[in-house]
Amino acid sequence: MASVRIREAEEGDCGQILKLIRELAEYEKLSDQVQISEEALRADGFGEYRCLVADLPPAPGDTQGQGIGSKIIRRVAQVALDQGCSQFRLAVLDWNQRAMALYKALGAQDLTEAEGWHAFTFDGEAMRKLAGK
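Pasting the structure below:
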């Protein structure tokens with residue numbers, strides 16, 4: 001496993017966090033949906049929700065398969081329990097079999113399979129329409 005330190009994000013991390021958000025969106029073929037700026041992330045990213053970051057040593061090549069995702073998810077579980085949470089949820093696209101396999105291997109239950117849940121979101125125009133604004 002790579003030497004990784006998981007810590008709470010600081011405002012100075014916002015540029016790198018936004019870069020990672022954009023890289024993830026590109027990987028998930030959803031780049032057009034990234035609408036946050038570094039300034040908005042800085043303003044909105046340090047309220048009631050906690051953001052964790054992984055400090056990785058510089059390493060050549062691909063870091064997949066080194067246990068970094070497992071370490072991050074374990075840290076999220078620790079934070080959730082420390083905050084009195086009874087669960088935490090992860091969202092994954094239906095084609096990302098590698099992520100689904102990891103979550104299941106770590107003990108997560110796939111609610112789509114188990115209970116038939118589907119995730120929905122109201123954003124932008126839909127929220128304004130609902131609110132009459």
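Under the UniProt record's numbering, residues 1 to 133 are what the sequence shown spells out, in order.
Every residue gets a Cβ at the ideal spot worked out from N, C-alpha and C, and that includes glycine.
Computed from a prediction, not measured in an experiment: that's the story for all the values here.
Collapsed DSSP secondary structure at residue i in the structure displayed
{"i": "Gly132", "result": "coil"}
{"i": "Val92", "result": "coil"}
{"i": "Glu26", "result": "helix"}
{"i": "Asp123", "result": "coil"}
{"i": "Ala108", "result": "coil"}
{"i": "Val53", "result": "strand"}
{"i": "Ile6", "result": "strand"}
{"i": "Cys85", "result": "coil"}
{"i": "Glu37", "result": "For the sequence presented, residue 37 should be read as Ser rather than Glu. In this structure, Ser37 counts as coil in the three-state DSSP scheme."}
{"i": "residue 196", "result": "Within the shown structure, residues of the chain are numbered from 1 to 133, placing residue 196 beyond reach of any answer."}
{"i": "Gly45", "result": "coil"}
Residue i and residue j closer than 8 Å at C-beta
{"i": "Leu18", "j": "Ile36", "result": "yes"}
{"i": "Phe88", "j": "Ala99", "result": "no"}
{"i": "Gly12", "j": "Glu38", "result": "no"}
{"i": "Ala91", "j": "Ala119", "result": "yes"}
{"i": "Leu93", "j": "Ser70", "result": "no"}
{"i": "Ala40", "j": "Ser31", "result": "no"}
{"i": "Phe122", "j": "Leu130", "result": "yes"}
Inter-residue CB distance, residue i and residue j (contact presumed, cutoff 8 Å)
{"i": "Arg22", "j": "Val34", "result": "6 Å"}
Count the CB pairs spanning the region 46-54 and the region 72-81 that are closer than 8 Å, and state whether there are at least three. yes
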